[in-house]
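Here the structure is laid out as structure tokens; the discussion comes afterwards.
There are 2 protein chains.
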Amino acid sequence: MNASDSTSDSTSPVPGSAAPRRSDATRGAILAAARERFATDGYERATIRAIAKDANIDPSMVMRYYRNKEGLFAAAVAIDLRLPDVSGADRRQDAGRILVEHFLDMWENNEVLTALLRVGVTNQAGAERMQGILRDQLLPVAQRVCPDPEQVPARAALMASQLLGLALTRYVLRMPPAVGLARAEIVAWLAPTIQRYLTAPSP
Amino acid sequence: MNASDSTSDSTSPVPGSAAPRRSDATRGAILAAARERFATDGYERATIRAIAKDANIDPSMVMRYYRNKEGLFAAAVAIDLRLPDVSGADRRQDAGRILVEHFLDMWENNEVLTALLRVGVTNQAGAERMQGILRDQLLPVAQRVCPDPEQVPARAALMASQLLGLALTRYVLRMPPAVGLARAEIVAWLAPTIQRYLTAPSP
DNA sequence: GGTGAATGTCAACATGCGTTGGCAAACGTT
DNA sequence: AACGTTTGCCAACGCATGTTGACATTCACC
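Going line by line, the protein sequences match chains A and B.
Start counting the first sequence at 1; every next residue gets the next number (the UniProt record's numbering).
Start counting the second sequence at 1; every next residue gets the next number (the UniProt record's numbering).
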């Protein structure tokens, strides 16, 4: 994705890794502020001016380092769900619980997920990014657990619907009863659902 | 909610019902255009100018009739889920299927639901509106089915998470595998989930 | 038929947005 | 110490937005 970089790396000491730049601190501050703003405000309301003010730099710096607002969003939101492998014979029967617990850990500690969900709802690029995560990260999980390859997309979509629905009601809409659920309650209720979507015979 | 109306209804023939106005056609056109724009674009991107152009009137008319953008949104998005009663002894065991089918009918034929979901994610007023729907419409359903009143909010929240999650992935994010699901498939998979969230003993 | 309110049109406002280009200071290299 | 590059700030542009007020037109009613 990072095909075009404004800086010329002709003197880069290690061609494989990123060249350390004097502005890395600024770049990082911009990304951190962007993540926070996108998470709380969504794409349209998260203004470059506000992000720059949060990062204590000039708005023009954002443009210099990330080209435009879309580029900033693309750079700020990079998501790796780090989904655990649940295809082992001993873990397959606990796949639902393991995945629900993993998702809760992810959402509680990663504001980028909230950012992407907020942006995905109002921005086409954000929606496509979420489609890519389903395709590249969630679908393989179903693939390794489900025997019939024809059912894999449907099962992955069902899993996504329940997990994203929880995130939506709890972390974005903040519906009081959803916020009030204890972690153990969520796991106890949702684990059987995910387990069924993944491994139960199709109804 | 409609406490302040710009028109004086001193000569209203029937005080109880709404007075028919010569501008009702225009008002209706504005509301219809607003619903469509809010549904497809979300709150921020749905501009008053675009809505007015869709309705073939001047943007200032929108302000005259609905005060400001927030007032327009409040007037355009009024949601009654018309949830069926599933507390009867014969229907209680089919509550999951009945509710899922009802939700699918609602979402497929009512763009206002998509509008509210889109707006609820980026707009505080929209989020509060959705909280109100959960509280006033979804929660009573759980109340009439669930014996333990202490569990009602949690069960309603779980139901909302699955139903809204499906709407999110299928109608807003349009994830291909979720869009590709057939109606019968959705019902077959989700009905047991909703049924369990409503009536199963707490795990 | 004349009057007053309702309806609609037009132009403009203040504001905030993403974005741009120029210029000063700090830096690494030789 | 002189150089070119990088980093940063400043002012401004062009544009779209929500919103407002003045003015024309149409309607209902006496």
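Glycine residues also receive a C-beta, built at the ideal position from the N, C-alpha and C atoms.
- Spanning the alpha carbons of A:Met106 and A:Asn123 requires a straight line of approximately 23 Å.
- Think of a sphere of 7 Å around the beta carbon of A:Gly120: the chain B residues whose beta carbon falls inside it are Leu173, in chain order.
- Contact of A:Pro177 with chain B is assigned, a C-beta pair being separated by under 7 Å.
- Neighbours of A:Arg35 in chain B, taken as residues whose beta carbon is under 7 Å from its own, are absent, since the nearest beta carbon is some 16 Å off.
- Between B:Thr114 and B:Ala32, the C-beta spacing is not below 7 Å.
- Close CB contacts of A:Met175 within its chain, under the 8 Å cut and outside five residues either way in sequence, are with Thr169 (chain order).
- A check of alpha carbon separations from A:Arg144 across A:Ile57, A:Ala89, A:Ala178, A:Asp80 identifies A:Ala89 as the nearest.
- Taking the Cα of B:Met130 as reference, the smallest distance to any Cα among B:Val172, B:Leu164, B:Lys53, B:His102 is reached at B:Leu164.
- Taken in chain order, the whole alpha helix (DSSP H) runs of length 4 or more contained in the segment 129 to 158 of chain A are 139 to 145.
- Note that the C-beta distance between B:Leu139 and B:Ala156 is below 7 Å.
- Between A:Tyr43 and A:Gly96 a beta carbon distance of about 33 Å is seen, past the 8 Å cut, so the two are scored as non-contacting.
- By the C-beta density criterion, B:Thr47 is exposed, having fewer than 16 other C-beta atoms within 10 angstroms.
- Taken through DSSP and simplified to helix, strand or coil, A:Met61 comes out as helix.
- Secondary structure in the segment 63 to 113 of chain B: the alpha helix (DSSP H) runs of 4 residues or longer, each lying completely within the stretch, are 69 to 76, 95 to 109 in chain order.
- Closest in alpha carbon position to B:Ala34, among B:Phe73, B:Gly180, B:Asn68, B:Pro201, is B:Phe73.
- Only Pro153, Ala154, Ala156, Ala157, Leu158, Ala160, Ser161, Gln162, Leu163, Leu164, Gly165, Leu166 from the segment 145 to 166 of chain B bring a Cβ to less than 8 Å from some Cβ of chain A.
- With distances taken between CA atoms, A:Leu181 lies nearest to B:Gln151 out of B:Ala178, B:Ala200, B:Gln151, B:Ile194.
- Near chain A, meaning a CB-to-CB distance below 8 Å, no residue of the segment 88 to 108 of chain B qualifies.
- Residues of chain A whose Cβ lies closer than 9 Å to the Cβ of B:Arg49 do not exist; the shortest such Cβ separation is about 16 Å.
- Between the C-alpha atoms of A:Val121 and A:Arg45 there is a straight-line separation of about 13 Å.
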